[in-house]
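Peer 1: Residue numbers (the working numbering), protein chains in the order written: chain E, 37 to 192; chain F, 68 to 216.
For glycine and all other residues, C-beta sits at the position ideal for the given N, C-alpha and C.
These figures come from a predicted structure and were not determined experimentally.
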Amino acid sequence: MRYRMQGAWVVAIALIIMALAATAAYATATSGRQNLGQHPSNGFLLCGEAVIRDVADNVAYSMTVFPLNSCWNSGANSQSGWLGARADGFREGAYCSTTGYAYNSGQTWLFGVGSVLCSNPVGLQAFHTKSYHRAWDVTTSQYVYMGTATSPNQSY
Amino acid sequence: MTSTKVAGPLAPGAILTRHWRPLSLILMVCAAIVVTVFTLPALSKTPLSFGRIPADAWLEDGSVDSSRVPDYIVALDRNGDPAGYVRAEAILPDSGRGEPVDGPIPVVDERLNLVGHMVPRRGFVPLGTPFDDIPPVPTSVVEDPATDG
């Protein structure tokens, strides 16, 4: 009976450790949708989001929504090339690389670009993504920098 | 009989001494000014800092506390090893609120010698290696045309 109890404890602890390990290995951290102001060409609300998702995938999303009072309102389509996003990757406070800017190729309300920019050596490392967002301005015929978002650290 | 003392010609050494005193004084003052102008700013400059961005330098609004960010930030190569340093202003301008350099960024060592570039989608490319010789990392793109807004 005593050995059975000890065995149950060992199994329980092992399960907890496995659950914690799984949480660390497969988790996503996001900046949430950040209000970057009105899109200069269509007037919709432009929002940006920086995400680090398993495993160590640095992702940046640009999106247009309407009405203008919240980034969680319904998506409102932007024309091809009107949304730009770039993701930069950091690991343990060091700079890994960037995806560079990418732009939507078709009409869409949400456009994202992502890449595993940092290597992931053995052991827990803290990663995060910094996203940058551009919009096409039809009056000046050039891209306008709209702002940035930063994900929290996520360890893998 | 009166004798008149006529000043004889001065010895060359005496002439030089008489003229050099004020001249040397002026030269010394000029030298002091030059030394002050060129060395004081250098002495007052704090040495450049190199390192990683401390975790607590990132602020909740996504910007960084630039007083805690080193002048040059560690840049990792594609194996994850430190390759050198990139200038903080190139990747986190305006305390992390501005737009970073859109293109290759110089990577230097602690003596500020160029050792390579951080190239978008390629990462660190050592000096002397053509950018195109380093294959780009795979990039995924998401477009959601689900709305009719």
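To the nearest angstrom, report how far apart Arg135/F and Ser110/E are at their CA atoms.
Peer 2: Going from the Cα of Arg135/F to the Cα of Ser110/E covers about 39 Å.
Peer 1: Curious, which full-length beta strand (DSSP E) runs of at least 3 residues does the segment 141-182 of chain F contain?
Peer 2: Those beta strand (DSSP E) runs which fall completely within the segment 141-182 of chain F and span 3+ residues are 149-154, 172-175.
Peer 1: Does DSSP classify Ile88/E as helix, strand or coil?
Peer 2: strand
Peer 1: Using CA atoms only, rank isn't needed, just tell me which of Leu181/F, Ala124/F, Val141/F, Pro173/F is closest to Gly163/F.
Peer 2: Ala124/F
Peer 1: Could you tell me whether the Cβ atoms of Gly150/E and Ser116/F are closer together than 8 Å?
Peer 2: no
Peer 1: Quick check for students: name the residue ranges of the beta strand (DSSP E) that lie wholly in the segment 75-127 of chain E, counting only runs of 3 or more.
Peer 2: Counting only unbroken stretches of 3 or more residues, the beta strand (DSSP E) elements lying wholly within the segment 75-127 of chain E are 81-89, 93-102, 119-127, in sequence order.
Peer 1: Counting beta carbon pairs with one atom in the segment 99-114 of chain E and one in the segment 68-83 of chain E, are three or more of them shorter than 8 Å?
Peer 2: The answer is yes - the segment 99-114 of chain E touches the segment 68-83 of chain E, with three or more Cβ pairs under 8 Å.
Peer 1: Helix or strand or just coil, what does DSSP make of Pro193/F?
Peer 2: strand
Peer 1: Taking the straight line between their C-alpha atoms, what separation do you get for Gln74/E and Gly151/F?
Peer 2: One C-alpha to the other measures close to 39 Å.
Peer 1: Between the segment 160-177 of chain F and chain E, which residues of the former have a C-beta closer than 9 Å to a C-beta of the latter?
Peer 2: Gly163, Arg164, Gly165, Glu166, Pro167, Asp169, Gly170, Ile172
Peer 1: Taking contact to mean 3 or more Cβ pairs, one atom from each stretch, closer than 8 Å, check whether the segment 173-191 of chain F and the segment 126-135 of chain E are in contact.
Peer 2: yes
Peer 1: Taking C-beta pairs closer than 7 Å, name the residues in chain E that Pro205/F reaches, listed in chain order.
Peer 2: Per Cβ cutoff of 7 Å: Ser151.
Peer 1: Give the range of the beta strand (DSSP E) segment to which Ser207/F is assigned.
Peer 2: 207-211
Peer 1: From the DSSP output, in three-state form, read off Pro203/F for me.
Peer 2: coil
Peer 1: In angstroms with no decimal places, state the Cα-to-Cα distance between Glu156/F and Asn105/E.
Peer 2: 33 Å
Peer 1: Answer with yes or no whether the minimum CB distance from Asp124/E to chain F is below 8 Å.
Peer 2: The Cβ of Asp124/E sits closer than 8 Å to at least one Cβ of chain F.
Peer 1: Measuring CA to CA, which of Ser155/E, Arg170/E, Asn113/E, Ser141/E is closest to Gly125/E?
Peer 2: Ser155/E
Peer 1: Would Trp118/E and Trp45/E be called neighbours here (beta carbons separated by less than 8 Å)?
Peer 2: Result no, Cβ atoms of Trp118/E and Trp45/E do not sit closer than 8 Å.
Peer 1: Around the Cβ of Val158/E, are there at least 16 other Cβ atoms within 10 angstroms (buried) or fewer (exposed)?
Peer 2: It counts as exposed.
Peer 1: With a threshold of 7 Å on Cβ separation, who are the neighbours of Pro137/F within its own chain once the five nearest residues in sequence on each side are excluded?
Peer 2: Ser116, Phe117, Gly118, Ala155
Peer 1: Here's the rule I'm using: 16 or more other beta-carbon atoms within 10 Å means buried, otherwise exposed. How should Ala122/F be labelled?
Peer 2: exposed
Peer 1: Report back the beta-carbon spacing between Ile88/E and Thr184/E to the nearest angstrom; my notes put them in contact at under 8 Å.
Peer 2: The Cβ separation is near 15 Å, so there is no contact.
Peer 1: Can you tell me where the beta strand (DSSP E) holding Thr184/E begins and where it ends?
Peer 2: 178-186
Peer 1: Cα separation between Gln178/E and Ser141/E?
Peer 2: 16 Å
Peer 1: Output yes if chain F places a C-beta closer than 8 Å to the C-beta of Ala58/E; else output no.
Peer 2: With a pLDDT of 48 at Ala58/E, under the threshold of 50, the modelled position of that residue is not reliable, and no figure is offered here.
Peer 1: Quick test of your reading: Gly147/F and Ser67/E, contact by CB under 8 Å. State the CB separation rounded to the nearest angstrom.
Peer 2: A Cβ-Cβ separation of about 24 Å leaves Gly147/F out of contact with Ser67/E under the 8 Å criterion.
Peer 1: Out of curiosity, what's the CA-to-CA distance linking Leu143/F and Cys107/E?
Peer 2: Between Leu143/F and Cys107/E, the alpha-carbon positions lie close to 34 Å from each other.
Peer 1: According to DSSP, simplified to helix, strand and coil, what is Ala98/F?
Peer 2: helix
Peer 1: Tell me the DSSP secondary structure of Arg188/F in three-state form.
Peer 2: coil
Peer 1: For Pro149/F, which residues of its own chain have a beta-carbon under 8 Å away from its beta-carbon, when the five flanking residues on both sides are left out?
Peer 2: Val141, Ala142, Leu143
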